[in-house]
Amino acid sequence: MFIRESIFAFLRVSASLRLILPPKYSASRRLILLFALCSAACSIPNLEPPECDQARDAVREFYSLHFGNDQSFKAEDLERRRGYLTERFFKNLQAEPPTVDPFTRTDDVPKAFRAGECRVIEPGRRVAFELVLFWKSDTRTDQRAISVEAEKVGDKWLVDSVSN
3 MFIRESIFAF
13 LRVSASLRLI
23 LPPKYSASRR
33 LILLFALCSA
43 ACSIPNLEPP
53 ECDQARDAVR
63 EFYSLHFGND
73 QSFKAEDLER
83 RRGYLTERFF
93 KNLQAEPPTV
103 DPFTRTDDVP
113 KAFRAGECRV
123 IEPGRRVAFE
133 LVLFWKSDTR
143 TDQRAISVEA
153 EKVGDKWLVD
163 SVSN
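When the count follows the numbering used here, it moves up by one through the sequence shown with no breaks and lands on 166 for the last residue.
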């Protein structure tokens, strides 16, 4: 049924294109043109700056690692996350271990996260994300936003600070 309807739709569009295009264009050329027009009409433009696009992947990867490893904060856990943190942030966390999880800014373990709005602080070098944390249980559904700053060091984006 679907195939037959698709063929009839193509024939109707093809007939319409015959009115626009000269007869020298074959059905296959009309199909290619139709596909190109549909593709161009259906694409969603990326309105986010390139810095945000690149840094978002790094922030998501870091928080996926953090959420996948019970979100504990011990010396060996910090060492495992070192490749995702700027040297300055890493040394600050080593020097003064925080009383709550420094990456979620809470001692209440969230269930999920989403990297939200991004803004460029320094073009090509520093961005800030709104990271939304989610809690869901039978008795509670809650969310809270924190700010995560990422800095480009060499060719990598690294987490540089987390704040409320």
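Beta carbons: idealized from backbone N, C-alpha and C, even for Gly.
Please go through the same chain and pick out, in chain order, the residues whose beta-carbon is closer than 6 Å to the beta-carbon of residue i, but skip the five residues on each side of it.
i: G118; result: E132, V134
i: Q145; result: V134, F136
i: F105; result: H68, V164
i: D103; result: Q73, F75
i: R31; result: none
Tell me whether residue i counts as near the ligand FAD, meaning its Cβ is closer than 7 Å to at least one heavy atom of that ligand.
i: V155; result: Within the structure as shown, the ligand FAD is missing, as the structure has no ligands at all.
Thinking C-beta only, is residue j closer than 8 Å to residue i?
i: F91; j: S163; result: yes
i: R80; j: L95; result: First, the residue type needs correcting, since residue 80 is Leu and not Arg in the sequence shown. Yes, these two residues count as a Cβ contact at 8 Å.
i: V155; j: T88; result: yes
Take residue i and list the residues in its own chain whose beta-carbon comes closer than 8 Å to its own, dropping the five residues that flank it on each side.
i: W110; result: It is Asp, not Trp, that sits at residue 110 in the sequence shown. The residues are W137.
i: D59; result: W159
Assuming residue i contacts residue j under a Cβ cut-off of 8 Å, what Cβ separation, rounded to an integer in Å, is found between them?
i: V61; j: A152; result: 6 Å
i: F64; j: F115; result: No, F64 and F115 are not in contact; Cβ-Cβ is about 10 Å, not under 8 Å.
Using the C-alpha atoms, what's the distance from residue j back to residue i?
i: A77; j: S149; result: 23 Å
i: A97; j: P112; result: 25 Å
i: D72; j: V122; result: 30 Å
i: S74; j: D140; result: 24 Å
i: R82; j: I34; result: 51 Å
i: A57; j: C120; result: 9 Å
i: L160; j: T143; result: 30 Å
i: G85; j: P100; result: 20 Å
i: L49; j: D157; result: 22 Å
Mind the definition here: the stretch 51-68 touches the stretch 127-147 only if three or more C-beta pairs lie below 8 Å; say whether that holds. Touching, yes.
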